[in-house]
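Read in order, the letters of the sequence shown correspond to residues 420 to 633 in my numbering. In what follows, a structure is listed as C-alpha cells, so that the remarks can point back to it.
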Amino acid sequence: MYFLFVLFLLPIRIHGIPVSTILDTDIGTAYDDQVALTYMLSRQDLFDLKLIICSTSNTTARAQIVAKTLSIFKRFDIPIAIGRYINDSNHVYEYRWAEDYSLEKFNNDGGVILLDGEQALFNEMKKASAENIYHYIQIGPATSLGHVLQKQPSLSLYIRVFAMAGSLYNGYENSSTPSKEYNVEYDIQSAQTMFSSDWIHFSLAPLDCTNFMQ
C-alpha cells in the first residue's frame with residue numbers, strides 16, 4: 420500500500436453537496452492511510468464523513484491514531500468505530516505518534532468511540548437510501564465490511580464503493596506479473612464478499628495504478 424488514493428474517488432460531490440461517506444481503514448501500519456484521512460478531513464466540501472471504522476489487527480491502537488488526527492482538525496463530530504481486535508504480527512508503527520492522546524481523552528473532548536465497530540458500521544450503512552447515496556472508501560482489508568454484509572447483504576444497495584485492492588496485470592515493485600495484494604490476501608473471504616455484493620457502483624484501485632502514485 421504505497422499510494423495517494425485521491426484520484427479514483429471522483430466523482431464525489433453531487434450537485435455541490437458533500438457526499439455521506441464511510442472510511443474503512445487499517446491506519447497505522449503504513450503511512451498511506453494517514454495521508455488519505457488527512458486529505459478527506461481537509462476537504463469538507465467533498466466528504467461528509469459519517470463514520471471511520473478501524474479494521475484488522477490492533478484496532479484500538481488504530482482508533483487512537485484516528486482520534487489524535489481528528490483532534491488536530493477539531494472534528495469531534497465524526498464517530499470512530501473499533502473493529503474486531505486480532506492479535507497478529509501486523510505492527511501499528513504509527514501508534515507511537517498517537518500514544519499521548521488516549522481514546523478516553525478523545526471522548527472527554529467531545530468525540531464518540533463506538534466499541535462494537537461492526538454493529539456501528541451496520542447501523543450507519545442502513546442509513547443509505549435512494550435519496551441518500553453513501554460512499555464507502557475501503558483502503559484496508561475488507562474484514563469489517565465483509566462481516567457486516569454476510570449478515571445483511573442488502574446493505575450494499577445504495578452505496579458506491581471505492582476500494583484499494585487487488586492486482587490485475589502488474590504487481591508490487593512494478594512487477595510485470597500480478598501479486599497477492601495485501602488487502603485481499605489478508606482476508607480473502609471478506610474480499611470475495613465485497614467483490615460479489617450488489618453495489619450501486621464499484622470502483623477499484625489495484626496495484627496496477629497505485630504503484631504509479633508512490
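Beta carbons are placed, not taken as given, at the ideal position from N, Cα and C, and that holds for glycine. Computed from a predicted structure; not experimentally measured.
Contact under 7 Å by Cβ, residue i with residue j
i, j, result
"Gly502", "Gly536", "yes"
"Trp618", "Ser575", "yes"
"Phe541", "Val567", "yes"
"Cys473", "Ala482", "yes"
"Asp443", "Leu564", "yes"
"Ile497", "Leu534", "no"
"Gln569", "Thr612", "yes"
Euclidean distance between Cα positions of residue i and residue j
i, j, result
"Tyr577", "Ile532", "25 Å"
"Ser461", "Ser439", "15 Å"
"Lys545", "Val511", "30 Å"
"Pro437", "Ile552", "11 Å"
"Thr479", "Ser622", "29 Å"
"Tyr421", "Ser594", "In this prediction, Tyr421 scores a pLDDT of 39, lower than 50, which makes its location untrustworthy; the coordinate-derived value is nonetheless stated afterwards. Their Cα atoms are separated by approximately 14 Å."
"Asp451", "Glu513", "11 Å"
"Leu582", "Ala561", "Rather than Leu, the amino acid found at residue 582 in this sequence is Ala. Taking the straight line joining both Cα atoms gives about 9 Å."
"Leu587", "Pro625", "7 Å"
"Thr475", "Asp445", "6 Å"
"Ser573", "Ser609", "16 Å"
"Arg579", "Leu470", "15 Å"
"Tyr555", "Asp519", "30 Å"
"Asn527", "Lys493", "13 Å"
"Ile491", "Val603", "32 Å"
Beta-ladder partner(s) of residue i, from DSSP
i, result
"Ile441", "Leu470 and Tyr555"
"Met583", "Ala624"
"Ile578", "Tyr553"
Cβ of residue i within 7 Å of any chain C Cβ
i, result
"Glu518", "Absence of chain C from the displayed structure is noted, only one protein chain being present."
Runs of alpha helix (DSSP H) wholly within the region 513 to 570 (minimum 4 residues, chain order): Listed in chain order, they are 514 to 517, 522 to 527, 536 to 544 and 562 to 570.
Contiguous beta strand (DSSP E) assignments of at least 3 residues, all confined to the region 461 to 508: 466 to 473 and 499 to 501
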